[in-house]
Amino acid sequence: MPTFLVEIGVEDLPAEEAELIAQSFRENLLSGLKEARLSHGKAHLFWTLRRFALLIEDMAEKQAEVVEEIRGPAVSVGLDSQGNLTAAAQGFLRRYGAGPEKLVRRTVGDKEYLFLRLERPGRSAKDILQEVVPKAVRDIPCSKSMRWDGGMSFLRPIRWIVAILGDEVVPISLAGLSAGRRSLGHRLFGKPLVFSRPEEYATALREAGVMADPEERAEFLRRAIERVETEHNAKAALSEELWTLLLGQTEWPQPVVGQIPSEFLALPEPVVVAALREEGKFVPFTRGGRIAEVFLGFAEGNGDPELIRRGYERVVGIRLRDAMGFFSQDRRRTLASRVPELKGIVYEARLGTVWDRVERIRLICRLLARALGLPPDLLDRAALLCKADLLTIVVREFPELEGVMGGIYARLDGEPAEVAKAIEEHVRPRGKGDELPATPLGIALGLADKLDGVIGPIRVGEIPTGSRDPYGVRRRGTAVVRIVLEKGIRVDLFALIDGVVGQYPGAEPAETVKEFLWERLRSALEERGISYDVVEAVLAQKRGDFLGVWERAQALQALVGRKDLADLALAFGRVRNITQGHEITGFDPALFQEDAEHTLWQAYLVAKDRVEKALRAQRPAEALQALLELKNPIDRYFDEVLVMCEDRKTRENRLGFLTALCRLFLQVADLSRLVVPG
Amino acid sequence: MNTFQDLILALHRFWREQGCAILEPYDVEKGAGTFNPATFFGVLGPRPWRVAYVEPSRRPADGRYGENPIRFGLHHQYQVILKPPPHDIQDLYLHSLEAAGIELRKHDVKFAHDDWESPTLGAWGVGWQVWLDGMEITQFTYFQQMGGLDLDPVSVELTYGLERIALFLQREESAFELRWAEWLTYGELFRERERQFSIYHFEKAAVENVRTMFDFHESEAKECLAQGLVFPAYDHTLHCSHLFNTLDARGALATAERETYIARVRALARACAETYLTEVVRAHIPR
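In order, the protein sequences belong to chains S and U. The letter at position 362 of the first sequence is residue 1176 when you use my numbering, and the numbering goes up by one with no holes. The letter at position 285 of the second sequence is residue 297 when you use my numbering, and the numbering goes up by one with no holes.
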């Protein structure tokens, strides 16, 4: 079966988006083929910033044939006594434009019907591809699309299309272009290409100076980086962002190593790293925590490496000279002296200036210092200074150095080491997968910073919905939960929120903030592999000690699948069901009549003591163990005691006791939410 | 042939061959060649349009007292507008660099994603910064909107940073060392000017006077628009834009106030664009 090649040639796509574009083209096209019932073999994806292409092996030449049977009138209605078609049957045939030879008889239930049997021959692959390919391109989501004269919108203008099935062109038309065999090689070092067969694609492109296979390109980049690491005994300071840009930037990467003039090596390492990495230009290297004197760039194509190196060094020199100037200008003043100027930076119209934000962070820190037993003066100092680096030129030029520069300047100003470290750490985590703050003050300040970023916007009504989250509230909420769970911070977040919410502008109640964080906790538990029914069980009772919830979730998860837990869940389910809707709380053990009542009462007293002690000691597994002991007494109770008895006093006394028992369970988890097999 | 003026002449020759009208800079101060009426009005409406010109561009906040080798309060842009853009526009642009004397096959040329936006003009587009051996030498933009209006057809704007390209061609480290003509350096022409304007913009400009001038030009612009005098209105808009840049460089604007000033200029630019399309294009300019 033939191979199919489709290549879409474009003007340079944003390097950071090229791969996403290619992948969504692949998904769209393959799902289009599936929908069209066009079978095929392996699909290979190629992409650079100037093209994306799919090479699909073993393409079926035709769609799979479909047979459709449409029910018509019953035989008794459709045929007369001589077996001729009645008016009803003729009408049925007319509706589908079919002749009587297409009729068959089928029995449905106990009745026989006339069916129209339509055999739809499969359409040719060539036809189908002409519909599926343009749709696959048009359905690619773009971050920001543009118009040109092609009659469509896309990330950048589409300039050529190759589509060959076997050895035939598939005349696809899209964006005012018709597909053919012509493609372009490397912009400066390649030549125009004409493919006669799809199989030539990768080799021909290689010869035309294009490494279209992303795996091959990635491997090439990796090797070049490793070579520099080995030769210069240094470690590449890569970031995910830099890597994406490097992979997307060139069709034919050529590594060029340059030297950083020694005068700039005195700059703080993060500043040099940021300056080099800017816009994905160069790979910086470090050695023993300091910046190394080499950097690596990847030129597009086979230019003169000597000339390019000189150009790169000039650009690096200009940027680092700028950075040096900014740094020494910043150093003329202390961080502390800048703090009052934060009153001049608007954070958000309703939420006031950055200074207002600092004041709120300090308030949260005061409560945290008390709750966590941290030195309040040092934490307050760190909170006071934490945003002052926003006023420095280096941070204005390299926004990703917020916090990092604050830490550096604070250290140089002679602030206490733990204060400087806390300032440096407080912006973490910047995103998913980023490191968390590590020192106690850094953790507290980071937590306060993120909490403020959640409470503030929500308080003025900016609650994230769907994908809309202009204030990054969801990211910050996730960070709050991560810090608490992963750093083991035992603090009542709800009490904290109640304690500060009055200081925020806006009118959204504290409940909304709690509810929002509670939902973040839910996602965090699910992401950490807690099964959904366990999540439901531990989240049944809202409380501000998120760490405790997490610990109970883990303890409960560890028992999932065990028979005694399942039995206990069923037993507790009975307690929960029968007390549901009753508001009775009081009871008197003296009124218990049955043996089983007394037994459960004694067991309850023992369990209650153990559960409470275990929870106080943060040993939820022991609390669960204590609850497991209640299984038999509960079962016996329901076997022998009629709770909903005639006598109101007895009935209410029993319900009151069971409600207390229910509450004891709920301190640990609502086990009735567990999905029990069977 | 290796002076600053040779570079300009080479680009003029190249773009003249491509059918561009070679225009002169506009005589009102502005931050970029985009503000020249030949671009602002030229890209509006359906009429095909190809122009090229040099634009001395004033950006008060970028001044460095003549002490930075590559940052200035006034730099020179070479501006090309092609409406509608030809399909081989990227190649055409690369040929223009070759025409200016850059041997591209020896260098690293990248089209790096950079979308352009001018909040004061109500204009935006998508495109690239062109990097030559890592240095930004051109802003390449497919305009999508101007004065808040969708463009149809779209235009391509090429904005060459002449100082940067000249640094390449003359292999100098500092723009002030560049030769403008054989006997005249860029430094002789502009260094003292840079120093004085930096002092003025950063330290001396009388903030209240500048605000008053802004108000004055704004009210003149509005008055002109009311009379259908779109070109005088646009000149006053340009003055407003420059005065806003001056206030900004002087550090006189708090964040919120800054937004207000931008919105005021944008409103004028939009009114100019609309008036031009409804009154001038229809009534006076032959199609």
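Heads up, the beta-carbon is just placed ideally off N, CA and C, and yes, glycines get one too. Keep in mind it's a predicted model, so treat the numbers as computed, not measured.
Rounded straight-line distance, which links the Cα of residue j to that of residue i
i, j, result
"K958(S)", "Q1063(S)", "19 Å"
"M300(U)", "R1128(S)", "Chain U is shown from 13 up to 299; residue 300(U) falls before or after that span and cannot be answered."
"I114(U)", "C32(U)", "21 Å"
"K1235(S)", "V1218(S)", "9 Å"
"A981(S)", "V820(S)", "Correcting the residue identity first, residue 981(S) is Asp in this sequence and not Ala. Cα to Cα, the separation comes out at about 13 Å."
"F1330(S)", "A1321(S)", "16 Å"
"Y1223(S)", "A64(U)", "48 Å"
"W974(S)", "L843(S)", "18 Å"
"P1323(S)", "V277(U)", "40 Å"
"R299(U)", "K95(U)", "Confidence is the limiting factor: at R299(U) the pLDDT is only 46, short of 50, which leaves the residue's position unreliable and the question unanswerable from this model."
"R934(S)", "K925(S)", "27 Å"
"D162(U)", "R1174(S)", "44 Å"
"P828(S)", "G1375(S)", "50 Å"
"P816(S)", "L859(S)", "17 Å"
"F214(U)", "A1252(S)", "42 Å"
"I149(U)", "I835(S)", "27 Å"
"Y288(U)", "D963(S)", "24 Å"
"A22(U)", "A111(U)", "6 Å"
Under 7 Å by beta carbon: chain S residues contacting residue i
i, result
"F123(U)", "D826"
"Q102(U)", "E825"
"D227(U)", "Under the 7 Å cutoff, chain S gives no residues; its nearest Cβ is about 23 Å from D227(U)."
Contacts that residue i makes with chain U (C-beta to C-beta distance below 8 Å)
i, result
"M960(S)", "G137, V138, Y154, Q156, V166"
"R973(S)", "H99"
"L1121(S)", "K118, H119, D145"
"V1129(S)", "D145, G146, M147"
"G1111(S)", "D120, G146"
"F1003(S)", "R117"
"E1114(S)", "D120, V121, K122"
Within chain U, partners of residue i - CB distance below 7 Å
i, result
"K1095(S)", "G146"
"Y1126(S)", "D145, G146"
Which listed residue (the options) has its alpha carbon closest to that of residue i
i, options, result
"L1444(S)", "K1427(S), F1386(S), F1406(S), I1297(S)", "F1386(S)"
"A283(U)", "Q89(U), C252(U), L237(U), L190(U)", "L237(U)"
"K940(S)", "T921(S), V922(S), V983(S), P955(S)", "V983(S)"
"T1292(S)", "R1334(S), E1155(S), P1403(S), D1136(S)", "R1334(S)"
"V798(S)", "G823(S), F1112(S), V1172(S), A1410(S)", "For residue 798(S) there is no data in the structure shown, the boundaries of chain S being 815 and 1492."
"V1349(S)", "D1484(S), R1357(S), A1417(S)", "D1484(S)"
"E1093(S)", "Q141(U), E200(U), D120(U), T171(U)", "Q141(U)"
"D1203(S)", "L1192(S), I1237(S), I1178(S)", "I1237(S)"
"L19(U)", "Q30(U), V66(U), L56(U)", "V66(U)"
"D1266(S)", "E1065(S), K1246(S), L1182(S)", "L1182(S)"
"G1343(S)", "R1273(S), T1393(S), W1364(S)", "W1364(S)"
"E1155(S)", "F1141(S), D1170(S), S1486(S)", "D1170(S)"
"P1028(S)", "A832(S), V1315(S), V1457(S), K1356(S)", "A832(S)"
"P60(U)", "V168(U), R71(U), S130(U)", "V168(U)"
Interface residues of chain S facing residue i [CB-CB closer than 8 Å]
i, result
"D39(U)", "Those within 8 Å of D39(U) in chain S number zero; the least Cβ separation is about 32 Å."
"D18(U)", "Correct list: empty, because the minimum Cβ distance to chain S is about 21 Å."
"A266(U)", "G1158, V1160"
Within chain S, partners of residue i - CB distance below 9 Å
i, result
"P4(U)", "There is no way to answer for residue 4(U), as the model of chain U reaches only from 13 to 299."
"P81(U)", "I1132, R1135"
Contact list for residue i against chain U, beta-carbon separation under 9 Å
i, result
"A829(S)", "K122, A124, H125"
(request) Check whether the segment 978-997 of chain S touches the segment 933-950 of chain S, counting contact only when three or more Cβ pairs, one atom from each stretch, lie closer than 8 Å. (result) yes
(message) Tell me whether the segment 156-168 of chain U and the segment 50-61 of chain U touch, counting them as touching only if at least three CB pairs, one residue from each stretch, are closer than 8 Å.
(response) yes
(message) Report the start-end ranges of each beta strand (DSSP E) in the segment 981-1042 of chain S that is 3 residues or longer and not cut off at the edges.
(response) 996-998, 1006-1008
(request) Assess, as a yes-or-no matter, whether the segment 222-230 of chain U is touched by the segment 177-188 of chain U under the definition of 3 or more beta carbon pairs within less than 8 Å. (result) no
(message) I'd like to know if the segment 1101-1108 of chain S and the segment 1210-1230 of chain S are in contact, where contact means that at least 3 CB-CB pairs between them fall below 8 Å.
(response) no
(request) For the segment 1159-1178 of chain S and the segment 1112-1122 of chain S, state whether three or more C-beta atom pairs, one from each stretch, are separated by less than 8 Å. (result) no
(request) Entirely within the segment 894-959 of chain S and at least 3 residues each: give me those beta strand (DSSP E) ranges in chain order. (result) 917-922, 925-934
(request) Please go through the segment 228-277 of chain U and give each complete alpha helix (DSSP H) segment of 4 or more residues, from N-terminal end onward. (result) 242-261
(message) Tell me whether the segment 198-210 of chain U and the segment 78-90 of chain U touch, counting them as touching only if at least three CB pairs, one residue from each stretch, are closer than 8 Å.
(response) yes
(request) Taking 8 Å as the threshold, find out whether the segment 184-201 of chain U comes into contact with the segment 999-1016 of chain S through three or more Cβ pairs. (result) no
(message) Whether or not the segment 101-116 of chain U and the segment 230-245 of chain U are in contact is what I'm after, with contact meaning three or more pairs of Cβ atoms, one per stretch, closer than 8 Å; do they touch?
(response) no
(request) Enumerate, from N- to C-terminal direction, the unbroken alpha helix (DSSP H) stretches of 4 or more residues contained entirely within the segment 1115-1202 of chain S. (result) 1119-1144, 1149-1152, 1168-1186, 1190-1199
(request) Enumerate, from N- to C-terminal direction, the unbroken alpha helix (DSSP H) stretches of 4 or more residues contained entirely within the segment 1215-1255 of chain S. (result) 1218-1226, 1231-1239
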